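Numbers 1 to 114, taken from my numbering, label the letters of the sequence shown in order. Glycine is no exception: its CB is placed at the ideal position from the N, C-alpha and C atoms. In this text the structure is predicted, and so the values were computed from the model without any measurement.
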Amino acid sequence: MELGATVCTRRRPRCGDCPLPAAGACAWALAGHVGVDPADGSAGVGRPQSAFAGSDRQGRGRLVDALRVGPVAEASLAVACGWPDDPDRAQRVAAGLVADGLAGYADDGRLRLP
Ligand code: SF4
1 MELGATVCTR
11 RRPRCGDCPL
21 PAAGACAWAL
31 AGHVGVDPAD
41 GSAGVGRPQS
51 AFAGSDRQGR
61 GRLVDALRVG
71 PVAEASLAVA
81 CGWPDDPDRA
91 QRVAAGLVAD
101 GLAGYADDGR
111 LRLP
């Protein structure tokens, strides 16, 4: 079950249908739904996510797709991210993947999946 899409929606959470309070997993429900739900992105406090098109998330996804095919040379990172004119941005996104443990640099300098 996709709780975030079907039960714990931002505008109208269906707490009565939700299994999380019984599991002690919703602090807001356990506190009696007093005040605003403190969990970021959950019922009543969610903010719309920024646009995906043109975002770093999109470039990151493109880069991961490229890495699934094989290692990516540093000179090709910007193209792999879909920003051929912005290598600095691609380097930053690649660094984020490395920092998150989702990619690493091989001895030959190419970015690769772990
Ligand atoms: S606010 Fe808590 S109890 Fe209500 S639907 Fe969301 S997770 Fe379930």
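Per DSSP, Ala23 lies in no alpha helix (DSSP H) and is assigned neither H nor E. Under a 10 Å Cβ-count criterion, Leu77 is classified as buried, with 16 or more other Cβ atoms of the shown protein chains found around its own Cβ. A distance below 8 Å between beta-carbons, with the five flanking residues on each side excluded, links Gly109 to the following residues of its chain, in chain order: Ala73, Glu74. Excluding residues up to 5 positions away in sequence, Val98, Arg112, Pro114 lie with their Cβ nearer than 7 Å to the Cβ of Gly104 in the same chain. In this structure, DSSP gives Leu63 a helical state, which the three-state scheme calls helix.
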